[in-house]
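Remarks on the structure that follows.
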Amino acid sequence: MAMNFYCPSNIFFAPGSLNELPKVVKMYGGTKVLFLTDPGIVKIGLADRALKLLKDDGIQYYVYDQVESDPSDEMCEKIYDLAKNQNCNVIVALGGGSTIDAAKAVNILYANPGPISLYEGPDKVKHHGLPLIAIPTTAGTGSEADSNAVITNVKAKRKMILVGINNGPDYAICDPELTVTLPPSLTAGPGMDALTHAMEAYLSKRATPFSDINALKGMALIYNNLAECVNNGKNLEARSNQMLGAVFAGIAMSNAGQGICHATTAPIGAFFHVPHGAANAICLPQAMKFNAVAVPEKMVEMGVAMGMGDSKTLTADQVVENIFKLSEACHLPGLASYGITIDQITEQFITEVVEEYSASCNPREIRREDVIPFVQACL
Ligand SMILES: NC(=O)c1ccc[n+]([C@@H]2O[C@H](COP(=O)([O-])OP(=O)(O)OC[C@H]3O[C@@H](n4cnc5c(N)ncnc54)[C@H](O)[C@@H]3O)[C@@H](O)[C@H]2O)c1
Ligand SMILES: [Fe+2]
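If you're matching positions, the sequence shown starts at -4 in our numbering and goes up one per residue.
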């Protein structure tokens, strides 16, 4: 059996590791940083803290601090146009998956001609741009350790996935202390996104022993720490475990692919602007219910890895039930609370779901007629 396994970044994981930023920039010969972040990170004072570290070490920077959630191709092209004559020689992304993905897309433009939509799909990017340092502040997407960039195509109203060995960050500074400021909803959504990465990767038709080991370790860490992070956000041990789990899960996801949950939440994000994490938190239990009938043994294997019971007595239905309970403990409302009604699920939406790469990885075939009942159950 042919197998491939890839992780683009050196991962440095430690509480307090943000302080290493100047050293890492200098390791890449950086003298001027293109610094990307979003308004929420500015508001909590984290952007200033990171910029002071650079300044105190004599490193110059050009800042773009308005990265939007679900970054668009138009915004990434604008950032590149603003930054291209600033003589930056390293990019730093401080934020969640949106900021890190935006930095990946901007970095593609540093070494490849635009527009960014040219690079949708696998292996389109021929040249790696500047050294890219990712500093995640959510514990969810795994973008810091994978080669995917999820970018909204504004005109096509679709989330594009740009995948390839030239897209990923070179270095990830994973500092769980940065996640203690996340409010419960931004802990729960990205946290459940990470659990989805691990579980869908394990069930994927493209799973390998390389991805499985990361998936199982990731889901165990997340399942046993996420509720504590939501309810007691200052618990650094739980935050560390959650962040580590999200890294494992992201590596598993980017190597094995996903399934019906991500196939559905991609158009839900593009059509209805539901945050990616919240959408996965809502849809994950239904996705596991949909797949349990097809792969009950694998469902039990996951349950055992997460400590739900032993392989002789645990059933696939109990595993699914426990995922429903975790989702409920996250206190995230259903899709209907975002104004979604079932009559908005158009033929185009259904086509997007069944044609998603994630759908082709799902262990149970997703037929067009499965989509509306699935969304209905998630309302
Ligand atoms: N590249 C990948 O492999 C991959 C995987 C899954 C999802 N994604 C993409 O990632 C994006 C979602 O990323 P996300 O879930 O990390 O959220 P995000 O980056 O969109 O951030 C959401 C909000 O959280 C705030 N925030 C971030 N860190 C904070 C902190 N420490 N304290 C307080 N507030 C904080 C931000 O200011 C922002 O308002 C989507 O576009 C999704 O499609 C990418
Ligand atoms: Fe995701």
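In this text, a Cβ means the ideal position worked out from N, Cα and C, and glycines have one as well.
Based on Cα-Cα distance, which residue from the options lies nearest to residue i?
i, options, result
"MET194", "VAL349, GLY11, TYR105 and ALA300", "ALA300"
"ALA42", "LEU89, GLY302 and ASP207", "LEU89"
"ALA379", "ILE345, LEU330 and ILE217", "The requested residue 379 is not part of the displayed model; the chain covers only -4 to 374."
"LEU198", "ALA354, VAL149, ALA274 and LEU49", "ALA354"
"TYR59", "ALA189, ILE6, VAL87 and MET(-2)", "VAL87"
"GLU139", "ASN161, ALA247, THR259 and ILE130", "ILE130"
"GLN55", "LEU173, SER64 and ALA45", "ALA45"
"VAL242", "ILE345, ILE217 and ALA97", "ILE217"
"MET(-2)", "ASN250, ALA287, ALA273 and SER332", "ASN250"
"LYS284", "ALA311, GLY40 and HIS268", "ALA311"
"THR133", "GLN61, GLU364 and ILE95", "ILE95"
"MET187", "LYS320, ASP165 and GLU232", "LYS320"
What separation, rounded to the nearest whole angstrom, lies between the Cα atoms of residue i and residue j?
i, j, result
"LEU181", "GLY137", "15 Å"
"ALA261", "MET22", "37 Å"
"GLY375", "GLU323", "Only positions -4 to 374 of the chain appear in this structure, which leaves residue 375 out of reach."
"LEU327", "ASN82", "44 Å"
"LYS73", "GLY109", "11 Å"
"LYS307", "LEU104", "53 Å"
"PHE30", "SER93", "14 Å"
"THR341", "ILE367", "9 Å"
"ARG359", "LYS38", "44 Å"
"ILE263", "GLU296", "30 Å"
"VAL149", "THR32", "21 Å"
"GLY254", "ILE361", "9 Å"
"ARG201", "LEU48", "42 Å"
"ASN5", "SER142", "13 Å"
"ASN357", "LYS50", "48 Å"
"LEU221", "ALA274", "16 Å"
"THR176", "GLY35", "11 Å"
"ASN227", "GLY272", "19 Å"
"ALA151", "PRO3", "29 Å"
"ILE208", "ASN80", "44 Å"
"GLU351", "GLY184", "22 Å"
"SER12", "LEU190", "24 Å"
"ASP305", "ALA167", "36 Å"
"VAL290", "TYR75", "45 Å"
"ASN286", "ASN162", "31 Å"
"GLY40", "ILE246", "30 Å"
"ALA244", "ALA97", "20 Å"
"THR174", "GLY135", "11 Å"
"GLN343", "GLU364", "13 Å"
Return the chain-ordered list of same chain residues with a C-beta closer than 7 Å to the C-beta of residue i, the five sequence neighbours on each side being excluded.
i, result
"ALA106", "HIS122, HIS123 and GLY124"
"GLN281", "PHE369, ALA372 and CYS373"
"THR26", "ILE54, GLN55 and ASN84"
"ILE111", "ASP68, CYS71, GLU72, ALA100, ILE103, LEU104 and ILE146"
"CYS256", "THR191, GLU195, ASN275, CYS278, LEU279 and ALA282"
"PHE267", "TYR333 and ILE335"
Indicate the three-state DSSP secondary structure (helix, strand or coil) for residue i in the structure shown.
i, result
"ILE155", "Here the sequence assigns Met to residue 155, which means Ile is not the residue at that position. Of the three classes helix, strand and coil, the one that applies to MET155 here is strand, per DSSP."
"TYR23", "coil"
"ALA210", "helix"
"VAL288", "coil"
"THR94", "helix"
"TYR57", "strand"
"TYR1", "coil"
"ALA134", "coil"
"PRO368", "helix"
"GLY302", "coil"
"GLY35", "helix"
"GLY109", "coil"
"ARG363", "helix"
"ASN250", "helix"
"GLY425", "Coverage of the chain is limited to positions -4 through 374, which leaves residue 425 absent and any answer about it impossible."
Going along the chain, which residues of its own chain have a beta-carbon closer than 6 Å to the beta-carbon of residue i, five neighbours each way excluded?
i, result
"ASN230", "GLU223"
"PRO171", "PRO10, ARG234, SER235 and MET238"
"THR203", "MET(-2)"
"ASN317", "MET303"
"VAL288", "none"
"PRO179", "VAL225"
"PRO270", "GLY184"
Say whether chain C places a C-beta atom closer than 8 Å to the C-beta of residue i.
i, result
"GLY298", "You won't find chain C in this structure, because it holds only one protein chain."
Less than 8 Å between C-beta atoms, sequence neighbours within five positions excluded: which residues of the same chain meet that for residue i?
i, result
"LYS119", "LEU113, LEU157 and GLY159"
"ALA215", "GLY240, ALA300, MET301 and GLY302"
"LYS154", "ASP65, VAL145, ILE146, THR147, ASN148, ALA261, PRO262, GLY264 and ALA265"
"ALA78", "LEU29, TYR57, TYR59 and VAL101"
"LEU309", "VAL295, GLY298, VAL299 and MET303"
"ILE337", "ILE367, VAL370, GLN371 and LEU374"
"VAL19", "PHE7, ILE128, TYR166 and ILE168"
Per DSSP, what are the beta-bridge partners of residue i in this structure?
i, result
"THR147", "SER67 and LYS154"
"TYR333", "Paired residue(s): none; TYR333 is not in a bridge."
"ALA167", "ILE6 and ALA129"
"ILE86", "LEU29 and LEU127"
"PRO117", "VAL158"
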